[in-house]
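Residue numbers (full-length UniProt numbering), protein chains in the order written: chain Y, 1 to 322; chain S, 1 to 322.
Protein chains: 2
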Amino acid sequence: EEFAELVTSRGEPVILTGMPMGKASALWTPDYLTSSGIETDTTVVVDLAGHRKPGTRRNFTFRKMTFGELIQRVSSNCAGSAEEANNKSLSPVVSFGEKYYLRSVAHKAPADLSCMFPSLAADLRPGMVLPGGTGECSHTLWPRDAYHSSVLRIASPGTALWTHYDTHDNLLAQVRGRKTVTLWAPDAEPFLYVEGSSSRVDDIVVPDLTRFPLFSEVSDKRWVASLGPGEALYIPALWFHHVLSHPKCPEFGDMSIAVNVFWRCLPEQEHDAGDLYGNKDPPAARQASELAARAGAAISQLPEPHKSFYARRTIKRLAEQL
Amino acid sequence: EEFAELVTSRGEPVILTGMPMGKASALWTPDYLTSSGIETDTTVVVDLAGHRKPGTRRNFTFRKMTFGELIQRVSSNCAGSAEEANNKSLSPVVSFGEKYYLRSVAHKAPADLSCMFPSLAADLRPGMVLPGGTGECSHTLWPRDAYHSSVLRIASPGTALWTHYDTHDNLLAQVRGRKTVTLWAPDAEPFLYVEGSSSRVDDIVVPDLTRFPLFSEVSDKRWVASLGPGEALYIPALWFHHVLSHPKCPEFGDMSIAVNVFWRCLPEQEHDAGDLYGNKDPPAARQASELAARAGAAISQLPEPHKSFYARRTIKRLAEQL
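In structure tokens form, the structure reads like this:
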């Protein structure tokens with residue numbers, strides 16, 4: 001607990017190495033997973049372009065498939081997979097080159113890995129990623145009574161998740177494969193062209209500075225974490241993060257399997273009680289946003305110079321409450 | 001009407017010379033006014049320090065006195081007044097050196113000079129300050145159907161009125177004595193330490209830049225108008241103005257008498273229907289301010305970094321409506 005406190009107390013990302021995660025790191029090969037007898041139906045993102053571009057038509061689709069089919073498809077991207085020959089027979093969902101991404105969320109309650117994939121949860125124990133289990137290792141690296149959800153993430157090599165923020169603290173534990181996580185502190189928000197909880201800057205390696213000139217202010221303020229098996233990253237709430245599963249290559253070219261745990265960073269009543277994915281803004285913030293929109297709408301009726309004059313004074317009034 | 005449109009169309013102060021104001025300029029001597037038989041009781045500001053300092057205990061008091069007593073007291077400040085000898089018998093309200101300032105407002109309806117001082121209103125006609133009258137001169141320098149109120153202002157030499165804004169357009173017509181009006185555009189507001197509708201920068205000649213460092217940004221953006229008898233100043237709504245009645249001196253050392261007319265600058269329903277003095281913020285602006293205060297209060301409950309993060313987003317949301 002003291003160590004967990006130490007990890008989160010600075011409010012900055014922390015990489016943890018040598019993370020205890022049971023036998024999962026050794027066990028979770030494509031062979032093991034396809035023959036595991038897991039019957040769970042999964043909803044998989046089938047992605048063509050590597051990531052979604054907010055503000056454009058989505059370039060991915062959802063497909064329901066069994067866990068076994070997912071593993072077959074994901075691992076057929078991987079060099080040296082034993083299934084490679086067989087998987088040739090699986091035709092693409094959309095077209096060749098597509099990538100697959102599972103984020104095991106539920107839609108009626110926050111996801112819980114122990115319920116959705118009990119055998120995989122067992123593989124992670126004894127460890128410090130998931131709570132409970134045998135009891136011999138009851139410690140986790142996050143505050144147990146603030147637990148929100150736990151999610152399995154399986155991705156084809158090269159899959160990218162666009163830059164976004166969550167509203168819960170998050171521990172991303174890498175079990176297999178390799179990920180590069182690029183992060184920005186919450187105060188980078190004004191420069192990231194945020195829409196909802198996602199940045200519109202789709203290419204963070206070669207950003208389009210014509211469309212996103214402000215991004216140059218924070219381009220070199222990124223934090224970069226490279227995670228391999230047995231490593232975990234603490235992602236504080238509101239930190240923007242972009243996640244890239246390492247592209248296929250001789251050394252790391254394997255599907256990425258990670259487990260992440262969300263936990264509350266605010267008192268329970270300040271979080272949205274209906275937040276399934278750990279990313280809903282606190283009700284106080286949503287309420288403030290609505291009030292501010294109404295305030296802006298009221299002022300917008302006035303002609304100049306009244307509009308600018310009262311806009312400044314209204315914003316000042318808001319700021320005085322902080 | 002075209003000329004009136006020309007005066008107001010730029011949204012900037014304009015000095016008008018040779019303003020028709022009947023026989024008032026010639027007639028309104030202390031002798032004439034004390035012997036005018038006006039019985040109206042007036043509430044006079046008795047001022048010790050030359051102006052109020054917002055944020056400190058007020059350094060003026062109110063005293064009810066007859067119009068005749070006011071004129072006696074005000075003109076006893078003046079060099080060469082015929083009443084000077086007699087007025088020695090009037091003891092000070094508070095102490096020697098006090099100044100007197102009448103602003104003829106009513107408290108149940110907007111002031112109307114023609115009702116409160118019909119004989120003085122008659123002296124101003126035919127002219128272009130007050131509406132109506134003989135009909136031979138039915139033009140005013142402001143839109144008649146937007147008329148709000150008309151106010152008589154009589155001040156001892158050296159009386160200053162602190163920097164403030166009104167929410168109605170205003171024509172300040174100088175009948176007797178001399179005034180210096182110092183103005184700032186509405187966009188100077190962030191630098192004027194405004195509380196309510198008044199600037200806390202009490203000394204605009206030798207400003208206290210230790211207490212009011214931002215004032216240096218706008219100190220040389222002031223507009224200065226010197227008004228003598230027969231001259232008038234258009235003061236657009238939201239323009240900050242500081243008014244100094246000229247101190248006693250051989251040339252101009254006389255009480256200041258001015259008449260000002262307020263008129264609506266917004267559609268009638270956008271002004272506060274209960275605005276007696278021409279200075280109430282529009283209901284839309286007041287409503288916006290309350291909403292913004294509630295928004296700020298909601299966010300202020302959150303700890304950092306949530307508070308700063310959502311404050312920025314909330315203000316952005318407000319600004320997007322403008």
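Each residue gets a CB set at the ideal place from its N, CA and C atoms; glycine is no exception.
Assign S/His306 to one of three DSSP states: helix, strand, or coil.
-> By one-based count along the second sequence, residue 306 of chain S stands at place 306. If DSSP states are grouped into helix, strand and coil, S/His306 belongs with the helices.
Any residues in the stretch 303-319 of chain S with a beta carbon nearer than 9 Å to a beta carbon of chain Y? Which ones, in chain order?
-> Pro303, Glu304, Pro305, His306, Lys307, Ser308, Phe309, Tyr310, Ala311, Arg312, Arg313, Thr314, Ile315, Lys316, Arg317, Leu318, Ala319
Can you tell me the Cβ-Cβ gap for S/Gly177 and S/Ser289, rounded? I've got them flagged as a contact below 8 Å.
-> The count along the second sequence starts at 1 and reaches residue 177 of chain S at position 177. The count along the second sequence starts at 1 and reaches residue 289 of chain S at position 289. With a Cβ gap of about 38 Å, S/Gly177 and S/Ser289 do not count as contacting.
Under 8 Å between the Cβ atoms of S/Leu318 and Y/Ala292?
-> In the second sequence, residue 318 of chain S corresponds to position 318, counting from 1. In the first sequence, residue 292 of chain Y corresponds to position 292, counting from 1. Yes, Cβ-Cβ distance for S/Leu318 and Y/Ala292 is below 8 Å.
Report the option in Y/Glu320, Y/Leu171, Y/Cys115, Y/Thr182 whose CA atom is closest to the CA atom of Y/Cys265.
-> If you number the first sequence from 1, residue 265 of chain Y lands on position 265. Selected option, being the one with the closest Cα: Y/Leu171.
With 9 Å as the C-beta to C-beta threshold (strictly closer), list the residues of the stretch 169-189 of chain S near chain Y in chain order.
-> Ala185, Pro186, Asp187, Glu189
Can you check whether the CB of S/Met21 is closer than 8 Å to the CB of S/Val129?
-> As a first step, residue 129 of chain S must be located in the second sequence, where it is residue number 129. As a first step, residue 21 of chain S must be located in the second sequence, where it is residue number 21. With a cutoff of 8 Å on beta-carbon distance, S/Val129 and S/Met21 are scored as near each other.
At 3 residues or longer, and completely inside the stretch 208-258 of chain S: list those beta strand (DSSP E) runs for me, N to C.
-> Listed in chain order, they are 223-227, 231-235, 240-245.
Out of S/Lys221, S/Val224, S/Val201, state which residue places its alpha-carbon closest to the alpha-carbon of S/Pro213.
-> Position 213 of the second sequence holds residue 213 of chain S. Per the Cα distances, S/Val201.
Tell me whether Y/Thr17 sits in a helix, a strand or coil according to DSSP, three-state version.
-> The residue labelled residue 17 of chain Y in the question sits at position 17 within the first sequence. Note: Y/Thr17 maps to coil in three-state DSSP.
Can you tell me which of the three DSSP states S/Asp123 falls into?
-> Taking the second sequence and counting its residues from 1, the one referred to as residue 123 of chain S is at position 123. S/Asp123: helix per DSSP, three-state reduction.
Compute the beta-carbon to beta-carbon distance between Y/Val44 and Y/Leu70, rounded to the nearest angstrom, for a pair I have assumed lies under 8 Å.
-> Locating residue 44 of chain Y in the first sequence gives position 44, counting from the first residue. Locating residue 70 of chain Y in the first sequence gives position 70, counting from the first residue. At roughly 5 Å, the Cβ-Cβ gap stays under 8 Å, so Y/Val44 and Y/Leu70 are in contact.
Among residues of its own chain, excluding the 5 on either side of S/His241, which ones have a beta-carbon nearer than 6 Å to its beta-carbon?
-> The residue labelled residue 241 of chain S in the question sits at position 241 within the second sequence. These residues qualify, in order along the chain: Val181, Leu183, Ile235.
Is it true that the CB of Y/Ala298 sits closer than 8 Å to the CB of S/Gln287?
-> One-based indexing of the second sequence puts residue 287 of chain S at position 287. One-based indexing of the first sequence puts residue 298 of chain Y at position 298. Yes, the Cβ-Cβ distance between S/Gln287 and Y/Ala298 is below 8 Å.
How would you write the range of the alpha helix (DSSP H) that S/Gln174 sits in, first residue to last?
-> Reading the second sequence from its first residue, position 174 is the one you call residue 174 of chain S. Careful: S/Gln174 lies outside any alpha helix (DSSP H), inside the beta strand (DSSP E) at 169-176.
Alpha carbon to alpha carbon, how far is Y/Ala106 from Y/Asp203? Give it in angstroms, no decimals.
-> Here residue 203 of chain Y refers to the residue found at position 203 when the first sequence is read from its first residue. Here residue 106 of chain Y refers to the residue found at position 106 when the first sequence is read from its first residue. One C-alpha to the other measures close to 29 Å.
Could you work out which residues of chain S lie near Y/Ser300, taking near to mean beta carbons separated by less than 8 Å?
-> The residue labelled residue 300 of chain Y in the question sits at position 300 within the first sequence. Per Cβ cutoff of 8 Å: Gln321, Leu322.
Short check: CB of Y/Leu16 to CB of Y/Leu113, under 8 Å?
-> Taking the first sequence and counting its residues from 1, one reaches residue 16 of chain Y at position 16. Taking the first sequence and counting its residues from 1, one reaches residue 113 of chain Y at position 113. Against a cut-off of 8 Å, the Cβ pair of Y/Leu113 and Y/Leu16 comes out as no contact.
Closest by CA to S/Glu217, which one among S/Glu231, S/Ser198, S/Tyr193, S/Ala311?
-> Taking the second sequence and counting its residues from 1, the one referred to as residue 217 of chain S is at position 217. Out of S/Glu231, S/Ser198, S/Tyr193, S/Ala311, S/Tyr193 has the C-alpha closest to the C-alpha of S/Glu217.
Does Y/Pro213 have its Cβ less than 8 Å from a Cβ in chain S?
-> Here residue 213 of chain Y refers to the residue found at position 213 when the first sequence is read from its first residue. No, because no Cβ of chain S sits closer than 8 Å to the Cβ of Y/Pro213.
Contact list for Y/Ala285 against chain S, beta-carbon separation under 8 Å = Walking along the first sequence from the start, residue 285 of chain Y turns up at place 285. Residues of chain S passing the Cβ test: Ala298, Ile299, Leu302, His306, Tyr310, Arg313, Thr314.
Using the DSSP secondary-structure output, state which residues sit across from S/Asp112 in a beta bridge.
-> Position 112 of the second sequence, counted from the start, is the residue given in the question as residue 112 of chain S. Looking at the DSSP assignment, S/Asp112 forms no beta bridge with any residue, so it has no partner.
Report buried or exposed for S/Asn260, applying the criterion of at least 16 other Cβ atoms within 10 angstroms of its Cβ.
-> The residue given as residue 260 of chain S occupies position 260 in the second sequence. Classification of S/Asn260: buried, given that the 10 Å Cβ count is 16 or more.
From S/Ser81 to S/Arg153, what distance separates their C-alpha atoms?
-> Within the second sequence, residue 81 of chain S is the residue found at index 81, counting from 1. Within the second sequence, residue 153 of chain S is the residue found at index 153, counting from 1. Since pLDDT at S/Ser81 reaches only 44, below the 50 mark, its modelled position is unreliable, and no value is offered.
Assuming Y/Gly11 and S/Pro305 form a contact by the criterion Cβ under 8 Å, report the distance between their Cβ atoms to the nearest whole angstrom.
-> The count along the first sequence starts at 1 and reaches residue 11 of chain Y at position 11. The count along the second sequence starts at 1 and reaches residue 305 of chain S at position 305. Between the beta-carbon of Y/Gly11 and that of S/Pro305 there is about 7 Å, and that keeps the pair under the 8 Å contact cut.
Contacts of Y/Arg294 in chain S (Cβ-Cβ under 7 Å) | The sequence position of residue 294 of chain Y within the first sequence is 294, counting from 1. Leu291, listed in chain order.
Secondary structure at Y/Glu39, three-state DSSP: helix, strand or coil?
-> As a position in the first sequence, residue 39 of chain Y is number 39, starting the count at 1. In the structure shown, Y/Glu39 sits in coil (DSSP, three-state: anything other than H, G, I, E or B).
By the criterion of Cβ-Cβ separation under 7 Å, what are the contact partners of S/Ala288 in chain Y?
-> Stepping through the second sequence from its first residue, residue 288 of chain S is reached at position 288. Neighbours of S/Ala288 on chain Y, chain order: Ala295, Ala298, Ile299, Tyr310, Thr314.
For a contact meaning CB atoms closer than 9 Å, what does S/Glu5 contact in chain Y?
-> For the purposes of this step, residue 5 of chain S is taken as the residue at position 5 of the second sequence. In chain order: nothing, as chain Y lies at least about 16 Å away.
Kindly list, in the order they appear in chain S, the residues whose Cβ is closer than 8 Å to that of Y/Pro282.
-> As a working note, residue 282 of chain Y is residue 282 in the first sequence. Simply Leu302, His306, Tyr310.
Exposure of S/Arg211, with buried meaning 16 or more beta-carbon neighbours within 10 Å | Residue mapping note: residue 211 of chain S aligns to position 211 of the second sequence, counting from 1. Exposed: under 16 other Cβ atoms inside 10 Å.
Note down the Cα distance separating S/Trp239 from Y/Pro267, rounded to an integer number of angstroms.
-> The sequence position of residue 239 of chain S within the second sequence is 239, counting from 1. The sequence position of residue 267 of chain Y within the first sequence is 267, counting from 1. Approximately 47 Å between the Cα atoms of the pair.
Among residues of its own chain, excluding the 5 on either side of S/Trp223, which ones have a beta-carbon nearer than 6 Å to its beta-carbon?
-> In the second sequence, residue 223 of chain S corresponds to position 223, counting from 1. Correct list, in chain order: Pro13, Leu183.
Go to residue 333 of chain Y, then tell me how far its alpha helix (DSSP H) extends in each direction, as first and last residue.
-> The structure shown has nothing for residue 333 of chain Y, since chain Y only spans 1 to 322.
Just reading off the beta strand (DSSP E) that Y/Ala160 is part of, what are its end residues?
-> Position 160 of the first sequence, counting from 1, holds the residue named residue 160 of chain Y. 160-164 is the span of the beta strand (DSSP E), which, as asked, contains Y/Ala160.
Report back the beta-carbon spacing between Y/Tyr46 and Y/Phe60 to the nearest angstrom; my notes put them in contact at under 8 Å.
-> Reading the first sequence from its first residue, position 46 is the one you call residue 46 of chain Y. Reading the first sequence from its first residue, position 60 is the one you call residue 60 of chain Y. The identity of residue 46 of chain Y in the sequence shown is Val, whereas the question assumes Tyr. That pair is a contact at about 6 Å.
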